[in-house]
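Colleague: In this note's numbering, the protein residues as written are 30 to 168. Backbone N, C-alpha and C fix where the C-beta goes; we use that ideal spot for every residue, glycine too. Fair warning: this is a prediction, and the values are worked out from it, not measured in the lab. This is the structure I want to talk about, given as structure tokens.
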Amino acid sequence: AVAEGTSAQAGFPTPAPGGTGNNAATAAVDPLCADLSITKTNNATSVTSGAVTTYDIVVNNTGPDAISNANLTDPVPTNLINCALGTPACAVSSGTATCPTIGAAAGQLSIANLQGAGVLIPSMNAGSSLTFKIACTVN
């Protein structure tokens, strides 16, 4: 501790003699609140073994706040094999949002990450939605 009027460590101001310490601090906390929903659809009325079918995963943020780095997972679908990213793999459906980078690194958009630890959605404002397309072969 350094008493008032004595030297302070290099880079710090020297306390003024007779000064009053200002040890008060305040913090305002405004926790973010986002309402995310996910829908998964396949508009096919029937599928045939060996045929490719495509489904959409739509992520919506109804707010009131934006999100960053939300984690999206999609477990391995039953009776579907050889899944791959569709075209486009991700698209902004409404509002302002950022699609994840396609790649195999942690958090990037890939089938392995969707079916494993997850894909990070970089940012999505309230009132926005992203659509992810996945194409799989029916087993």
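Note the first and the last residue of the continuous alpha helix (DSSP H) segment covering I140.
Modeller: 140-143
Colleague: Can you tell me where the beta strand (DSSP E) with D64 in it begins and where it stops?
Modeller: First-last for D64: undefined, no H or E at that position.
Colleague: Rounding to the nearest angstrom, what Cα-Cα distance links P129 and S139 in this structure?
Modeller: 10 Å
Colleague: Label N89 either buried or exposed according to how many other C-beta atoms from any shown protein chain fall within 10 Å of its C-beta, with 16 as the threshold for buried.
Modeller: With a threshold of 16 other beta carbon atoms within 10 Å, N89 meets it and is buried.
Colleague: Do the segment 91-109 and the segment 142-161 touch if we need at least three Cβ pairs shorter than 8 Å?
Modeller: yes
Colleague: So, helix, strand or coil for D85, using DSSP?
Modeller: strand
Colleague: In whole angstroms, give me the CA-to-CA distance for Y84 and A120.
Modeller: 14 Å
Colleague: Between L15 and I67, what straight-line distance do the alpha-carbon atoms span, to the nearest angstrom?
Modeller: The structure shown does not extend to residue 15, since the chain spans only 30 to 168, so no value can be given for it.
Colleague: How would you call L143, buried or exposed, if buried means at least 16 neighbouring beta carbons within 10 angstroms?
Modeller: buried
Colleague: Per DSSP, C112 is paired with what?
Modeller: According to DSSP, which records beta bridges pairwise, C112 is partnered with nothing at all.
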